[in-house]
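The opening residue of the sequence shown carries number 323 in the numbering used here; numbering runs sequentially from there. Quick notes on the structure that follows.
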Amino acid sequence: MAGPKPRTIIALDLLRFASALMVVAFHFGSAFALAPSPTSAEMLAGLPLSTAGVGATWFGWVGVELFFVISGFVIAMSAQGASTGEFLRRRALRLLPAAWICATVTLAVLWFAAPSPFLLRQWLRAVSFWPVGNSIDPSYWTLGIELAFYLVIAAGLGQAGTLQRIERRAVWIGALSAGFWLFARLADWGAPQMMDYRPFQLLMLPHGCFFALGVLAWAMLHDRVTRHRMVLFTLLTATAFAEITGRAIERAQALGIEVGPTLPIAVFAAGLILVLASLRLQPTLETMIDARLATTLGLMTYPLYLIHQEAGAALVTALMHAGLPMALAFAATLALAIGFSWWVARRAEPIVKSALSRALDTTTAAIAVAAPRRPTPL
323 MAGPKPRTII
333 ALDLLRFASA
343 LMVVAFHFGS
353 AFALAPSPTS
363 AEMLAGLPLS
373 TAGVGATWFG
383 WVGVELFFVI
393 SGFVIAMSAQ
403 GASTGEFLRR
413 RALRLLPAAW
423 ICATVTLAVL
433 WFAAPSPFLL
443 RQWLRAVSFW
453 PVGNSIDPSY
463 WTLGIELAFY
473 LVIAAGLGQA
483 GTLQRIERRA
493 VWIGALSAGF
503 WLFARLADWG
513 APQMMDYRPF
523 QLLMLPHGCF
533 FALGVLAWAM
543 LHDRVTRHRM
553 VLFTLLTATA
563 FAEITGRAIE
573 RAQALGIEVG
583 PTLPIAVFAA
593 GLILVLASLR
603 LQPTLETMID
613 ARLATTLGLM
623 TYPLYLIHQE
633 AGAALVTALM
643 HAGLPMALAF
653 AATLALAIGF
663 SWWVARRAEP
673 IVKSALSRAL
683 DTTTAAIAVA
693 APRRPTPL
């Protein structure tokens, strides 16, 4: 039976923040030492980076898969009752301001730490959400996939989106993803080649199962649990495990370590259970955690994810060259990244968001005035 939508779901905000910290831990504890991006490798070259933390951090990339599930859940919740235009406006106001701020700060950092003739082009790709080509930071690769999901959902909302319309599109997205992974297994495709092929990513073939899981989770919690939904959820969970297995193989090869997919699958399963329990946990969590704090942590997740990698590598490099041990350099960088994320979420982003909102309102009004009016029938 449908119930009212909660303003903030504490469990989801906490899971968001924990997922971001897992991704940060993966880069700081594993990727920087063993498989850095080309820009990070240039900055970190020659530094004595220990691999002692690899065993505890190598699986942190699975936080991205949890991001996609949470995104599906939140979009299903927020798109109900919204028109296509309203939905896209909300998404623009949510995503653009923080991305503009973080991309600009990363540009400024790399301008001094890792100068390149391609920086301005990469910055333009980031602030315009251009879905192909190298961006100012590798973390922006997920934004094109998120945008593709939003556009597919928005196209089916009409004047007022219903759960049925949203769920139907999500099921198709999930079915295509399941078919993709089934064919991949039968054809014995290599995980890195198929998962990182950008057209496949923008079609949501490797990752569509995660968005669909989030939508189905909301449908079961907000509406009702049916046999049909349970079967779909089970099949999509199996598909998600297939993607995580493939990604674990790819990460193990990139890092040069011998690990299996059990740990990232277990972490993902725990996160998925938390999503399913999020509404039931809400009354208990409200007595333990201030809702405003949880909301702030949820808002900090996005800028923390966008700022930590290339700018983080630059700061670690500067601190270690200044004489700090690696552990202290990473701790200081993490603290500054979290502080910066709070500043973006609570100070800078609202200013940019307000200006963007006014600009969108002005543009919408101008289009409405310029658009030809239909003649009134006699």
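No residue lacks a Cβ here, since even glycine has one placed at the ideal position from N, Cα and C.
TODO: Could you name the residues of the same chain whose beta carbon sits closer than 7 Å to that of Arg411, not counting the 5 residues immediately before and after it, in chain order?
DONE: Here the question's residue 411 lines up with position 89 in the sequence shown. Within the same chain, and ignoring the five residues on either side of Arg411 in sequence, the residues whose Cβ sits closer than 7 Å to its Cβ are Leu682.
- [ ] Starting from the Cα of Leu418, find the closest Cα among Trp540, Ala497, Leu446 and Val431 and give me that residue.
- [x] In the sequence shown, residue 418 corresponds to position 96, counting from 1. Of the candidates Trp540, Ala497, Leu446 and Val431, the one whose C-alpha sits nearest the C-alpha of Leu418 is Leu446.
Open item on the list: Using the three-state DSSP reduction, which class does Ile566 fall into: helix, strand or coil?
Closed with: On the sequence shown, residue 566 is found 244 positions in, with the first residue counted as 1. Helix.
TODO: Could you pull the start and end residues of the alpha helix (DSSP H) that Asp335 belongs to?
DONE: To locate residue 335, count along the sequence shown from 1; it is residue 13. According to the DSSP assignment, Asp335 belongs to the alpha helix (DSSP H) that extends over Ile332 to Phe348.
Open item on the list: Going by beta-carbon coordinates alone, are Leu626 and Ala659 separated by less than 7 Å?
Closed with: The count along the sequence shown starts at 1 and reaches residue 626 at position 304. The count along the sequence shown starts at 1 and reaches residue 659 at position 337. Contact flag set, yes.
- [ ] Check Ile611 in the structure and name its three-state DSSP category.
- [x] Position 289 of the sequence shown, counted from the start, is the residue given in the question as residue 611. Under the three-state reduction of DSSP, Ile611 is assigned to coil, being neither helix nor strand.
Task: The alpha helix (DSSP H) enclosing Leu441, as first and last residue numbers - done: Translated into the one-based positions of the sequence shown, residue 441 becomes position 119. Its alpha helix (DSSP H) spans residues Leu441 to Val449.
Open item on the list: With three or more beta-carbon pairs closer than 8 Å as the criterion, would you say the stretch 382-397 touches the stretch 629-639?
Closed with: no
Open item on the list: Please identify the residue among Ile495, Thr428 and Ile587 whose C-alpha is closest to the C-alpha of Ala564.
Closed with: On the sequence shown, position 242 is the one that residue 564 refers to. Minimum Cα distance to Ala564 is reached at Ile587.
Open item on the list: Within 8 Å, do at least three Cβ pairs link the stretch 512-528 to the stretch 437-444?
Closed with: Because the criterion of three Cβ pairs below 8 Å is not met, the stretch 437-444 and the stretch 512-528 do not touch.
- [ ] Report the rounded CA-to-CA distance for Ala670 versus Leu336, giving the unit in angstroms.
- [x] Within the sequence shown, numbered from 1, the residue matching residue 670 stands at position 348. Within the sequence shown, numbered from 1, the residue matching residue 336 stands at position 14. Answer to the nearest angstrom: the Cα atoms are 22 Å apart.
TODO: Given a cut-off of 7 Å, decide if Ala541 and Gly496 are closer than it, judged by their beta-carbon atoms.
DONE: Locating residue 496 in the sequence shown gives position 174, counting from the first residue. Locating residue 541 in the sequence shown gives position 219, counting from the first residue. Not a contact, by the Cβ cut-off of 7 Å.
TODO: Would you give the residue range spanned by the alpha helix (DSSP H) that Trp452 belongs to?
DONE: Indexing the sequence shown from 1 puts residue 452 at position 130. It is not in any alpha helix (DSSP H) - Trp452 carries neither H nor E in the DSSP assignment.
TODO: Confirm, please, whether the CB-CB distance from Thr379 to Ser703 is below 7 Å.
DONE: Any property of residue 703 remains undetermined from this structure, which presents the chain solely from 323 to 700.
Task: Trp422 - containing alpha helix (DSSP H), residue span - done: For the purposes of this step, residue 422 is taken as residue 100 along the sequence shown, with counting starting at 1. Its alpha helix (DSSP H) spans residues Thr406 to Ala435.
Task: Euclidean distance between Cα positions of Leu334 and Val547 - done: Here residue 334 refers to the residue found at position 12 of the sequence shown. Here residue 547 refers to the residue found at position 225 of the sequence shown. Leu334 and Val547: Cα-Cα distance of roughly 20 Å.
Open item on the list: Quick check: what's the CA-CA separation for Ile475 versus Leu538?
Closed with: As a first step, residue 475 must be located in the sequence shown, where it is residue number 153. As a first step, residue 538 must be located in the sequence shown, where it is residue number 216. Roughly 14 Å between the two C-alpha positions.
Task: Through-space distance from His349 to Gln631, alpha-carbon basis - done: Position 309 of the sequence shown holds residue 631. Position 27 of the sequence shown holds residue 349. In this model, Gln631 and His349 are separated by some 7 Å (Cα to Cα).
TODO: Check whether the Cβ atoms of Leu415 and Ser679 sit closer than 7 Å, and answer yes or no.
DONE: As a first step, residue 415 must be located in the sequence shown, where it is residue number 93. As a first step, residue 679 must be located in the sequence shown, where it is residue number 357. For Leu415 and Ser679, yes; Cβs fall inside 7 Å.
Task: Whole-number beta carbon distance between Gln402 and Leu485, since they are thought to touch under 8 Å - done: Here residue 485 is taken as the residue at index 163 of the sequence shown, counted from 1. Here residue 402 is taken as the residue at index 80 of the sequence shown, counted from 1. 6 Å between Cβ atoms; contact.
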